[in-house]
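Protein chains: 2
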Amino acid sequence: MNEPIEFLYPSKWLTKASTGERVVSELRMQILSGRIESGTILSENKLAADFSVSRSPIREALKILSAENIIRQERMGAVVIGLSEKEIEEIYDVRILIETFIYQRLVRSDITDLVKELNKILEMMKVSIKYNDADEFSLQDLQFHETIIRAANHSYILMIWNNLKPVMEGLILLSMRKRFKENQHDFERIFTNHALYIEAIEKKDKALMIQSLHQNFDDVQGRVEDMWKSQEILAEGGGTK
Amino acid sequence: MNEPIEFLYPSKWLTKASTGERVVSELRMQILSGRIESGTILSENKLAADFSVSRSPIREALKILSAENIIRQERMGAVVIGLSEKEIEEIYDVRILIETFIYQRLVRSDITDLVKELNKILEMMKVSIKYNDADEFSLQDLQFHETIIRAANHSYILMIWNNLKPVMEGLILLSMRKRFKENQHDFERIFTNHALYIEAIEKKDKALMIQSLHQNFDDVQGRVEDMWKSQEILAEGGGTK
DNA sequence: GATATAATACTTGTATACAAGTATACTAAA
DNA sequence: TTTAGTATACTTGTATACAAGTATTATATC
C-alpha cells in the first residue's frame with residue numbers, strides 16, 4: 001500500500017513550504033507527468049493516507065489544482081483532467097496572448113532596467129547549462145518571462161500568469177530534465193532564443209519578439225506545427241506596429 | 001459587536017451554496033462595494049466570529065479572494081486590496097484581450113447556435129428591464145459574455161474568465177443596482193449594445209464587435225476616457241481583419 | 001431470478017482542538 | 001528615559017471529530 005514514492009518536485013524548492021504546498025506541488029507533478037492518469041478519481045481521504053497528512057492540506061491542494069484546471073472537483077471525488085495536446089496548445093495561446101499584450105506596453109516605457117535584469121538571468125542560465133542543472137535552468141526560464149510580465153506592472157495580467165505558472169513550471173521541468181539527458185546541445189539554442197527575445201525588446205522589434213517567443217515554446221514541447229497555427233491567430237490580431 | 005448585517009449578495013443565488021460559498025460571495029461584495037475598505041487587515045478568527053462560522057469556510061474564502069487578487073494573504077492577516085480605477089481598467093484590458101481572441105476563433109466556426117442562444121439571453125434581458133430586476137439583468141449580462149466565451153471551447157481562456165467572473169459579477173451587480181434607481185433608461189442602451197454585439201458576430205464584423213464591447217464596458221463603469229485608451233492598445237495589436 | 005428495501009461504506013463540508021510561530025505590550029533594570 | 005527581556009495575546013497551519021448526504025452492496029421478498 002505505502003510504496004516508497006520518488007518525488008518529482010525538487011525538494012530544495014520547498015524548504016519553507018507548508019505541508020499543503022508540498023502536497024500541491026507533488027500532486028501537480030504526478031498529474032502532469034502522467035504518473036496519475038487522466039480520468040483517475042482522487043478521494044481526499046485516500047490522498048491524505050497516501051501523503052500521510054490530514055485532509056486539511058489535501059483539500060487546499062485540490063482547490064488549487066482545480067483552479068489550475070488540471071482536476072475537476074465533483075460531488076464524489078475529484079476527476080483528474082491532466083493535459084492533452086489540446087490543453088498544452090491552449091496554454092501557449094494564453095502565453096502568447098499575454099506576452100504580446102505586455103510587449104505592447106513595454107515598448108512604450110523605459111526598459112533599460114528590465115534589459116539589465118534579463119541579461120542577468122541569461123547569464124545564470126548559462127551557468128545552469130554548464131553545471132547540467134535542469135531544474136535550475138527551468139526556474140530561470142520561468143523567471144525570465146515573469147520578469148518581463150512584472151515589468152509591465154499590470155496586476156490582472158500578472159494574475160493570469162500566476163494562475164498559469166505552476167502548470168508551466170511543471171511542464172518545463174519535465175521537458176528540461178528529459179532534454180538534459182537526451183539533447184544536451186538543445187540548451188544552447190534555448191539560450192540563444194532568449195537572447196533574441198531581449199534583443200526584440202531592446203530594438204522594439206515586435207516580429208522578432210513573436211518569433212523568439214514561438215521558438216521558445218517549441219523548445220519546451222517540440223511541436224513545430226503549432227507554431228504556425230498560433231502565428232496565424234496572432235497575425236489576424238497582429239498587424240504592423 | 002454583532003450588528004445586523006445587510007447582505008449585498010443576492011441570497012436567492014445561494015440556495016444550494018455551502019457556507020464557504022456564502023462567505024466568499026458576501027465578503028467579495030463587501031470589499032468591492034467599499035464597505036470593507038482597502039488596507040483593512042482581515043483576521044480569520046475575527047471573520048469567523050463576524051460570520052458566525054468556523055475558520056474552515058473562512059480560510060477557503062480567503063484563498064479564493066486571494067486568487068482573485070482583491071486581497072493579499074500575508075503571514076499575519078490578509079490585507080484587502082480592493083479595486084482602484086487602475087485595477088478596473090486592468091480587468092477590462094483582460095476582458096478585451098480574451099473576448100477579442102475568442103472572437104477570432106468564432107468567426108471561423110459555425111455560429112448559428114451561438115447567435116440563437118445569445119438572442120434568447122437578449123430577450124431575457126428585456127424581461128429583466130421590464131420588471132426592474134437589476135440583479136437578474138446583471139446575471140444575464142454576464143451570461144451573455146460567458147456564452148460567447150464558452151462557444152470557443154477553449155479551456156484556458158475559460159479558466160481566465162472563471163477567475164475574473166466573480167469580481168466582474170460583483171462590479172456589474174453594484175453598477176446595475178445603482179443605475180436601475182438613477183438612470184432607468186440606460187438599460188435600453190445596454191440592451192442595444194448587446195444586440196450590436198450579436199450583429200457583429202453574425203456579420204463577422206470585428207470593428208463593430210470591438211465597438212460594442214467597449215460600449216458595454218463603459219456602461220458598467222461609465223468611464224468614457226478609458227475607452228479610447230483601451231482602443232489605442234487594441235489598435236496597435238489590432239489592425240484590419 | 002428479479003426487484004425493492006435496508007444496511008453499510010463511502011463522500012464532502014464544517015467545527016474544533018492543538019501546535020508552532022510572531023507581534024505586542026508590559027515589566028524590570030540600567 | 002531608554003533598553004532588554006519576558007509574558008501574553010494574537011496569528012496561521014494541521015489534525016481530528018462530527019454531521020449530512022450519496023452510492024453501493026447485501027438482504028429479504030415476490
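Protein chains in written order, with our numbering: chain F, 1 to 241; chain V, 1 to 241. Quick reminder that beta carbons are idealized off the backbone N, C-alpha and C, glycines included. All values derive from a computational prediction rather than experimental measurement.
Coil, strand or helix - residue i by DSSP
i	result
V/Q211	helix
F/L173	helix
F/Q143	helix
F/I71	strand
V/I148	helix
V/V107	coil
V/A78	strand
F/L164	helix
V/I36	coil
V/L114	helix
F/L196	helix
V/L83	coil
F/L8	coil
V/Q30	helix
V/T216	The sequence shown places Asn at residue 216 of chain V, not Thr. V/N216 falls in the helix class under three-state DSSP.
V/S18	coil
F/K120	helix
V/S52	coil
V/D93	helix
V/G237	A caution first: V/G237 carries a pLDDT of 36, below 50, which makes its placement in the model unreliable, though a value can still be read off. Of the three classes helix, strand and coil, the one that applies to V/G237 here is helix, per DSSP.
F/I88	helix
V/W13	helix
F/K203	coil
F/Y156	helix
F/D135	helix
Whole-Å CB distance - residue i paired with residue j, under 8 Å assumed
i	j	result
V/A61	V/G20	6 Å
V/T147	V/E188	Going by Cβ atoms, the distance from V/T147 to V/E188 rounds to 21 Å, so no, they are not a contact pair.
F/I71	F/L42	7 Å
V/I102	V/I157	6 Å
V/V115	V/I58	About 43 Å; that fails the 8 Å criterion.
F/A247	F/M176	Since the displayed chain F opens at 1 and closes at 241, residue 247 of chain F lies outside it and no answer follows.
F/I194	F/F144	Correcting the residue identity first, residue 194 of chain F is His in this sequence and not Ile. Their Cβ separation, rounded to whole angstroms, is 6 Å, which keeps F/H194 and F/F144 in contact under 8 Å.
F/M29	F/L14	Going by Cβ atoms, the distance from F/M29 to F/L14 rounds to 12 Å, so no, they are not a contact pair.
F/T100	F/I201	No, F/T100 and F/I201 are not in contact; Cβ-Cβ is about 12 Å, not under 8 Å.
F/L65	F/L27	6 Å
F/S155	V/N119	So it is not a contact: roughly 36 Å between Cβ atoms.
Any C-beta of chain V under 8 Å from that of residue i
i	result
F/H194	no
F/H154	yes
F/E225	Any reading at F/E225 must be qualified, since the residue scores a pLDDT of 36, below 50, and its modelled position is unreliable; no value is offered.
F/L142	no
F/G237	Its pLDDT being 36, under 50, F/G237 is placed unreliably by the model, and nothing is read from it.
F/F51	no
F/L62	no
F/N69	yes
F/I198	no
F/E117	no
F/I31	no
F/F101	yes
Residue-level contact to chain F via CB, residue i, 8 Å cutoff
i	result
V/N163	yes
V/I157	yes
V/I149	no
V/L97	yes
V/V94	yes
V/E90	yes
V/E296	Nothing in the structure corresponds to residue 296 of chain V, since chain V is present only between 1 and 241.
V/I58	no
V/I160	yes
In DSSP terms, what residue i is bridged to
i	result
V/L42	V/A78
- How about the stretch 70-90 of chain F and the stretch 124-138 of chain F: do they share at least three Cβ pairs that are nearer than 8 Å? Too few Cβ pairs lie closer than 8 Å, so no.
- Is the stretch 99-110 of chain F touching the stretch 180-195 of chain F in the sense that three or more CB pairs, one from each, lie closer than 8 Å? Touching, no.
- Segment contact flag, the stretch 154-165 of chain V with the stretch 158-174 of chain F, C-beta cutoff 8 Å, min 3 pairs: Taking 8 Å as the limit for Cβ pairs, the verdict is that the stretch 158-174 of chain F does touch the stretch 154-165 of chain V.
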